[in-house]
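Reviewing the structure listed below.
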Amino acid sequence: MTLSISDLKDILKNGENSHVEFKETNVRPESIAKELVAFLNFEGGTLFIGISDNGEILGVNDKNFEEWTMNICRNSIFPPIIPSYEELIIDDKKVIKIHVNKVSNKPYYVSTNNKYYIRVGSTSREPSQQELISLLQDYNALHFELTPMFNSSLKDISKIRIEEYFTKRGIEIDDFSNDELENLLFNTEIMVESNSKKYISLAGMLFFSKKPSLWLKNAGVQLVRFNGNDVTDEIIDKTLDFVNIHNKVSEKFEGIRRIDIYEYNKKVLREVIINAFAHRDWSLDGAKIRVYIFDHFIEVRSPGRIPDTLTLDRMKMGISYYRNPLIMQMLVDYGYADKIGRGIMSIIKFHEKNNLKLPEFEELGFEFRVKIFRITSQQ
Numbered sequence: 001m002t003l004s005i006s007d008l009k010d011i012l013k014n015g016e017n018s019h020v021e022f023k024e025t026n027v028r029p030e031s032i033a034k035e036l037v038a039f040l041n042f043e044g045g046t047l048f049i050g051i052s053d054n055g056e057i058l059g060v061n062d063k064n065f066e067e068w069t070m071n072i073c074r075n076s077i078f079p080p081i082i083p084s085y086e087e088l089i090i091d092d093k094k095v096i097k098i099h100v101n102k103v104s105n106k107p108y109y110v111s112t113n114n115k116y117y118i119r120v121g122s123t124s125r126e127p128s129q130q131e132l133i134s135l136l137q138d139y140n141a142l143h144f145e146l147t148p149m150f151n152s153s154l155k156d157i158s159k160i161r162i163e164e165y166f167t168k169r170g171i172e173i174d175d176f177s178n179d180e181l182e183n184l185l186f187n188t189e190i191m192v193e194s195n196s197k198k199y200i201s202l203a204g205m206l207f208f209s210k211k212p213s214l215w216l217k218n219a220g221v222q223l224v225r226f227n228g229n230d231v232t233d234e235i236i237d238k239t240l241d242f243v244n245i246h247n248k249v250s251e252k253f254e255g256i257r258r259i260d261i262y263e264y265n266k267k268v269l270r271e272v273i274i275n276a277f278a279h280r281d282w283s284l285d286g287a288k289i290r291v292y293i294f295d296h297f298i299e300v301r302s303p304g305r306i307p308d309t310l311t312l313d314r315m316k317m318g319i320s321y322y323r324n325p326l327i328m329q330m331l332v333d334y335g336y337a338d339k340i341g342r343g344i345m346s347i348i349k350f351h352e353k354n355n356l357k358l359p360e361f362e363e364l365g366f367e368f369r370v371k372i373f374r375i376t377s378q379q
């Protein structure tokens, strides 16, 4: 889309922001690559060449600037890109406009120095370790659940739990040797390899560790008057049990038939809690799933933002993304979940069908919060 002179003057007046960057005429190739990569890893943006930081028009005289720019985009950015390129004349001076749209195949990096960049306000900078992990996870370039638990081995996981799990999958391992068992665990990513050595993966340790709190400081749930630090299948059951203890029941009669009415629908509670376990971000150090029970609502907070490939509206339509595909598969194998991705959609439909106040879904910093309102207070 061609930019009018009046629009450009408005941009110059407003200055740089999260979507606009100015560069002077003598800009270096690595600087162009850095700014475009930061925009690509954000929501897109526009780089203007020939303008000072304070908005003064300096102009560009190089006749081969377009070819030079495209070479940078092809050779210094990975994956290579073809941006929108436009030359504008204002006050008899040439200004270069380079624009990149919001993209889904992130992350991008500068291939000449192997560095990632992100856009924060009006500046482009390298992400912190946590920001980079989140960026890689959001776009399926990294699954933190497959992180090796260094110094771990078969002796750190429960053989009984392993046998129970594979029995559910129709595989009997009673007679397996240690080598055979190790190969099976490696093929199912319960074990992973690093530097030619095999270790238990984070997901494997989460489900099968003898002492999960020793390896996974975050593998717990904080509840009102309750702290859990047990392995996942037990902690899900304990969390559901705890919530159901506080899920009071009242009764009403239709004729001679008694009908029990719970404060919260049990299927909805189960779906929300299992979703929190399935999709939490394990890269967030020190963060736990939290369940708060109040007089008129229950709030479940799970560490991790919504991935950039997803939105709340898309989630409500049943479109899903698995941050932890191996953990999700294990939950399916244990019978806690399916992989259809209809969790939030089914929760919303239940409330709509019964004319109940809809749950609230919200991002709060690096947490995803679900608030469910008490049914009996609405009737």
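Mapped onto the UniProt record's numbering, the consecutive letters of the sequence shown carry residue numbers 1 to 379. Glycine included, every Cβ here is placed at the ideal spot set by N, Cα and C. Note that the coordinates shown come from a computational prediction; the quantities given were computed from them, not determined experimentally.
Asked	Found
So, is Ile96 buried or exposed, given that buried needs 16 or more other C-beta atoms within 10 angstroms?	buried
Which ranges does the alpha helix (DSSP H) cover as unbroken runs of at least 4 residues, wholly within the segment 253 to 296, from first to last along the chain?	266 to 279
Report the start-end ranges of each alpha helix (DSSP H) in the segment 134 to 207 that is 4 residues or longer and not cut off at the edges.	159 to 168, 178 to 187
Answer with buried or exposed for Val231, where buried requires no fewer than 16 other C-beta atoms within 10 angstroms of its C-beta.	A caution first: Val231 carries a pLDDT of 41, below 50, which makes its placement in the model too unreliable to give a value.
Can you give the beta carbon distance from Arg301 to Arg369, rounded, assuming they're within the 8 Å contact cut?	5 Å
Evaluate Trp282 with the Cβ neighbour count: other Cβ atoms within 10 Å of its Cβ, from every protein chain shown; 16 or more gives buried, anything less gives exposed.	buried
Per DSSP, Thr46 forms a beta bridge with which residues?	Val20, His99
Please report the residue range of the alpha helix (DSSP H) in which Phe366 lies.	Neither: Phe366 is in no alpha helix (DSSP H) and is coded neither H nor E.
Leaving out five residues before and five after Phe166 in sequence, what residues of the same chain have Cβ atoms less than 7 Å from its Cβ?	Ile173
Where Lys13 and Glu21 are concerned, what is the direct C-alpha to C-alpha distance, given to the nearest angstrom?	13 Å
Please state the DSSP three-state secondary structure of Pro83.	coil
Per DSSP, Glu299 is paired with what?	Tyr292, Lys371
Compute every distance between the C-beta of Asn101 and the non-hydrogen atoms of the ligand FMN, then say whether any falls below 7 Å.	As far as ligands go, the structure on display features none, and thus does not contain the ligand FMN.
Within 10 angstroms of the Cβ of Val249, are there 16 or more other Cβ atoms? Answer buried if so, exposed if not.	exposed
Once DSSP output is grouped into helix, strand and coil, what is the label at Gly15?	coil
Using beta-carbon positions only, say whether Arg110 and Val27 come within less than 8 Å of one another.	Rather than Arg, the amino acid found at residue 110 in this sequence is Val. Cβ atoms of Val110 and Val27: not closer than 8 Å.
Determine the direct distance from the alpha carbon of Ile327 to that of Ala203, and round the result to whole angstroms.	6 Å
Give the straight-line distance between the Cα atoms of Val243 and Trp215, rounded to the nearest whole angstrom.	27 Å
Could you give the residue range of the beta strand (DSSP E) that holds Arg305?	It is not in any beta strand (DSSP E) - Arg305 carries neither H nor E in the DSSP assignment.
Based on the DSSP output, what are the partners of Phe350 in its beta bridges?	DSSP lists no partner for Phe350.
Between which two residues does the beta strand (DSSP E) carrying Val120 extend?	118 to 120
Going by the beta-carbon positions, is the gap between Pro307 and Leu284 smaller than 8 Å?	no
Consult DSSP for Thr123 and reduce its assignment to one of helix, strand or coil.	strand
Are the beta-carbon atoms belonging to Ile293 and Leu331 less than 8 Å from one another?	no
What do you reckon, are the CB atoms on Cys73 and Pro79 nearer than 8 Å?	no
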